[in-house]
Ligand SMILES: [Zn+2]
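Numbering (the working numbering), first residue to last: 44 to 184.
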């Protein structure tokens with residue numbers, strides 16, 4: 044049995060939420076999104092995913108220069124080494140979730156810092172005197 048078949052069997056065995064539970068979850072997500080602070084402006088341009096799902100380099104993200112000069116910065120999160128943070132054996136589910144969320148946020152912040160640094164370096168070398176244009180959300184394409 045393949046891992047995907049194992050996963051399908053596992054997912055099929057999980058209890059299914061009712062329609063009311065699904066709607067309540069959707070409404071809670073909408074409420075949280077509406078109450079969240081607006082995203083900070085960033086110089087990171089919209090990314091491109093140049094490779095399809097089953098390509099050996101699938102998941103690679105390309106951040107082209109906002110001035111369309113042909114330069115781009117690439118990130119490949121799936122190829123980065125992944126280490127779980129240390130989790131105390133006494134941690135309950137909420138504590139585990141908090142530790143994993145902080146770890147994921149730190150990795151995302153590090154990636155954002157690396158991309159912004161590459162863009163600033165590129166602008167200093169290729170577009171001296173110009174500021175990279177800012178936009179509001181760097182995660183969306
Ligand atoms: Zn450029």
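For glycine and all other residues, C-beta sits at the position ideal for the given N, C-alpha and C.
Nonlocal neighbours in the same chain, by C-beta distance under 7 angstroms from residue i, ignoring five residues either side
i           : result
residue 169 : 112, 114
residue 101 : 94, 95
residue 109 : 88, 175, 176
Exposure label - residue i; buried when at least 16 CB within 10 Å
i           : result
residue 131 : exposed
Cβ pair residue i, residue j closer than 7 angstroms
i           : j           : result
residue 103 : residue 117 : yes
residue 179 : residue 80  : no
Beta-carbon proximity list for residue i, same chain, < 6 angstroms, skipping 5 on both sides
i          : result
residue 91 : 105
Practice prompt. State whether the stretch 142-158 contacts the stretch 65-84, with contact taken as three or more CB pairs (one from each stretch) at a distance under 8 angstroms.
Written response: Too few Cβ pairs lie closer than 8 angstroms, so no.
Worksheet item: What residues sit near ligand 1, counting only those whose C-beta is closer than 6 angstroms to one of its heavy atoms, in chain order?
Response: Checking every Cβ against the heavy atoms of ligand 1 under 6 angstroms gives 108, 110, 112, 114, 165, 169, 170.
Fill in: Any 3 or more C-beta pairs closer than 8 angstroms across the stretch 142-151 and the stretch 118-134
Judged by Cβ distances under 8 angstroms, the stretch 142-151 makes contact with the stretch 118-134, as three or more pairs qualify.
Practice prompt. Would you check if there are 3 or more beta carbon pairs closer than 8 angstroms linking the stretch 128-145 to the stretch 81-92?
Written response: With a cut-off of 8 angstroms on Cβ pairs, the stretch 128-145 is not in contact with the stretch 81-92, counting fewer than three such pairs.
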